[in-house]
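Asks: Mind looking over this structure? Questions follow.
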Amino acid sequence: MCAAIFSNSMDQALTRQKIRELRALVGDGDRVAIVLQDDPDPDAMSSAIALRTLLGRNKLTTPIFAFKPVTRPENRTMMHLLEIEIAEAETQALGVYDKIAMVDVEPPYFGDKLPRADIVIDHHPGYVAGIAPFEDVRVGYGATATIMTEYLISAAEHISERLATALLYGIRSDTLALSRRVTEVDIEAFTHLYPLANYNLLRQIDRPELPLSFARILSRAMGRMNLRDGIVVLHLGVVERDDLIVQMADFCLQFEGVKLVAIAGKLGRDLVIAVRNHGVGHSHSGEIVKRLFNEIGSAGGHRNMAKAVIPLSAWRQREGTTRDNAIEPRLRELFTAAILGEEDRTGSIDQRSTKNGA
Ligand SMILES: [Mn+2]
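Structure below.
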């Protein structure tokens with residue numbers, strides 16, 4: 002316990018020194034760009050807006066950049082709910098900035114795309130000091146958001162509800178809800194932020210709100226759901242949002258005995274199909290959807306997760322009709338044949354065919 006208190010007070014002094022250095026480095030008129038790792042995660046996003054607050058700046062004077070945009074649905078939800086704007090980074094365009102700051106990432110990550118940084122704040126191991134004029138890399142920490150929280154507390158900065166919510170979510174997601182790589186400092190930061198955060202927003206990031214109309218779609222679909230050959234195929238009809246199809250696929254995969262799920266829905270002018278796969282034989286979801294739908298739409302993915310987007314006009318041309326009650330049986334036919342086909346080719350015998358043969 003003594004050691005913890007000792008190291009903590011050391012960090013306090015260090016942090017105050019660091020804040021002085023940081024503020025001295027950035028001039029009032031400097032244009033500062035904050036650059037994040039590809040597909041930024043909650044730790045990176047929250048650390049970026051914390052740095053902006055710490056420097057007393059706004060999104061115009063200190064924009065946030067990433068070379069590849071945020072893709073994970075919950076991270077996109079966080080970005081939208083907390084109104085975090087991330088612009089597309091371009092090596093040339095970044096050249097006009099007086100200062101480049103990297104949070105939750107370090108210069109070597111970007112290679113030739115962005116070899117220089119003026120400010121590096123991170124917690125990843127392997128950093129070789131001496132690259133940037135300002136460096137604060139704390140490898141022991143579970144999240145960069147923890148370092149930023151310490152900065153804000155030491156600088157006696159006001160932590161807005163939005164910022165507290167972002168940092169809390171950043172720490173939580175980098176430490177898998179305080180279960181991985183977590184230190185006492187992370188828990189301290191978490192505890193400090195907790196009463197300042199907006200729980201309603203946190204809940205919305207964790208579990209995106211479903212439109213009320215989806216209740217009826219869900220109940221009809223559940224009534225029809227049946228499991229044959231370890232496969233569940235459902236067509237939901239017209240849906241409001243893409244993520245409802247994906248959520249439904251994840252949900253159906255939780256039922257016992259389900260090995261592969263294909264959920265379809267009409268979204269605008271397209272038929273969207275999401276596939277989830279626990280592993281039926283050697284089946285590869287991405288390969289299956291490519292084989293089934295590549296010639297009439299875009300299709301692909303990984304072994305466990307795949308997607309197809311087919312213009313309804315193209316579906317009608319090949320399948321004859323886009324009636325909802327025709328789509329589901331047809332999809333079942335296609336997926337069953339495709340999966341049995343894969344098993345034939347690989348010569349694998351799964352439990353189903355053994356049981357049927359006996
Ligand atoms: Mn991190």
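In this note's numbering, the protein residues as written are 2 to 359.
Note that the Cβ used here is the ideal one computed from N, Cα and C, for glycine as well.
Restricting to Cα atoms, I'd like to know which of A263, K100, N278 is closest to L335.
Replies: The residue you call residue 335 lines up with position 334 of the sequence shown. Ranking A263, K100, N278 by Cα distance to L335 puts A263 first.
Asks: Is it the case that the Cβ atoms of V36 and L115 are separated by a distance below 8 Å?
Replies: By one-based count along the sequence shown, residue 36 stands at place 35. By one-based count along the sequence shown, residue 115 stands at place 114. A contact, by the Cβ cut-off of 8 Å.
Asks: Should A144 be listed as close to ligand 1, given that the test is whether its C-beta is under 7 Å from any heavy atom?
Replies: Position 143 of the sequence shown, counting from 1, holds the residue named residue 144. It does: the Cβ of A144 is within 7 Å (strictly closer) of some heavy atom of ligand 1.
Asks: Pick from I311, D175, H279: whose alpha carbon is nearest that of G258?
Replies: The sequence position of residue 258 within the sequence shown is 257, counting from 1. Minimum Cα distance to G258 is reached at H279.
Asks: Quick one: what's E334 bridged to in DSSP?
Replies: Here residue 334 corresponds to residue number 333 of the sequence shown, with the count starting at 1. In DSSP, E334 forms no bridge with anything.
Asks: Say the cut is 7 Å; is the CB of H124 nearer than that to a heavy atom of ligand 1?
Replies: Within the sequence shown, numbered from 1, the residue matching residue 124 stands at position 123. Yes; taking the cut-off as 7 Å, the Cβ of H124 has a heavy atom of ligand 1 nearer than that.
Asks: Taking all protein chains shown into account, do 16 or more other C-beta atoms lie within 10 angstroms of the C-beta of T184, making it buried, or fewer, making it exposed?
Replies: The residue labelled residue 184 in the question sits at position 183 within the sequence shown. Burial call: buried.
Asks: Which class does L115 belong to by DSSP, given the choice of helix, strand or coil?
Replies: For the purposes of this step, residue 115 is taken as residue 114 along the sequence shown, with counting starting at 1. In the structure shown, L115 sits in coil (DSSP, three-state: anything other than H, G, I, E or B).
Asks: Using CA atoms only, rank isn't needed, just tell me which of G57, F294, S161, Q38 is closest to T145.
Replies: Residue mapping note: residue 145 aligns to position 144 of the sequence shown, counting from 1. The shortest Cα separation from T145 among G57, F294, S161, Q38 belongs to Q38.
Asks: Mind checking Q18: buried by the 16 CB within 10 Å criterion, or exposed?
Replies: Here residue 18 is taken as the residue at index 17 of the sequence shown, counted from 1. Exposed, because fewer than 16 other Cβ atoms sit within 10 Å of the Cβ of Q18.
Asks: Assign Q318 to buried or exposed, taking buried as 16 or more other Cβ atoms, counted over all protein chains shown, within 10 Å of its Cβ.
Replies: As a first step, residue 318 is located in the sequence shown; it is residue number 317 there, counting from the start. By the neighbour-count rule (16 or more Cβ atoms within 10 Å), Q318 is not buried but exposed.
Asks: So, helix, strand or coil for N76, using DSSP?
Replies: The residue you call residue 76 lines up with position 75 of the sequence shown. Reduced to three states, the DSSP call for N76 is helix.
Asks: Please return the same chain residues whose Cβ sits closer than 7 Å to the Cβ of R304, not counting the five positions on each side in sequence.
Replies: The sequence position of residue 304 within the sequence shown is 303, counting from 1. The answer, listed in chain order, is N278, H285, S286, G287.
Asks: Would you kindly work out how many angstroms separate the C-alpha atoms of E136 and H193, rounded to a whole number?
Replies: For the purposes of this step, residue 136 is taken as residue 135 along the sequence shown, with counting starting at 1. For the purposes of this step, residue 193 is taken as residue 192 along the sequence shown, with counting starting at 1. Straight-line Cα distance between these residues: approximately 25 Å.
Asks: Assuming K308 is part of the beta strand (DSSP E), what are its boundary residues?
Replies: On the sequence shown, residue 308 is found 307 positions in, with the first residue counted as 1. That run of the beta strand (DSSP E) goes 306-312.
Asks: Let's see if you can read the secondary structure: which residues bound the beta strand (DSSP E) around M103?
Replies: Here residue 103 corresponds to residue number 102 of the sequence shown, with the count starting at 1. Looking at the DSSP string, the run of the beta strand (DSSP E) that includes M103 is 100-104.
Asks: Between D44 and ligand 1, is there a pair consisting of the residue's CB and a ligand heavy atom that are separated by less than 7 Å?
Replies: Here residue 44 corresponds to residue number 43 of the sequence shown, with the count starting at 1. At least one heavy atom of ligand 1 is nearer than 7 Å to the Cβ of D44, so yes.
Asks: Use the C-beta contact count for P43: other C-beta atoms within 10 angstroms, 16 or more gives buried, fewer gives exposed.
Replies: On the sequence shown, residue 43 is found 42 positions in, with the first residue counted as 1. With 16 or more Cβ atoms within 10 Å of its Cβ, P43 is classed as buried.
Asks: Hey, does T16 have any beta-carbon neighbour from chain B nearer than 8 Å?
Replies: Reference to chain B is not applicable here, since this structure consists of a single protein chain.
Asks: Given that a residue counts as buried once 16 or more other Cβ atoms are within 10 Å of its Cβ, and exposed if not, what is S174?
Replies: Position 173 of the sequence shown holds residue 174. Result: buried.
Asks: Three or more C-beta pairs closer than 8 Å, one from the segment 206-218 and one from the segment 242-253: is that the case here?
Replies: Counting Cβ pairs under 8 Å, three or more are found: they touch.
Asks: Report whether the distance from the Cβ of D175 to the nearest heavy atom of ligand 1 is below 7 Å.
Replies: The count along the sequence shown starts at 1 and reaches residue 175 at position 174. Answer for D175: yes, Cβ within range of ligand 1.
Asks: Using DSSP bridges, identify the partner residues of K267.
Replies: Locating residue 267 in the sequence shown gives position 266, where the first residue counts as 1. In DSSP, K267 forms a bridge with V239, L272.
Asks: Please classify A130 as buried or exposed, where buried requires at least 16 other C-beta atoms within 10 Å of its C-beta.
Replies: As a first step, residue 130 must be located in the sequence shown, where it is residue number 129. A130 should be labelled exposed.
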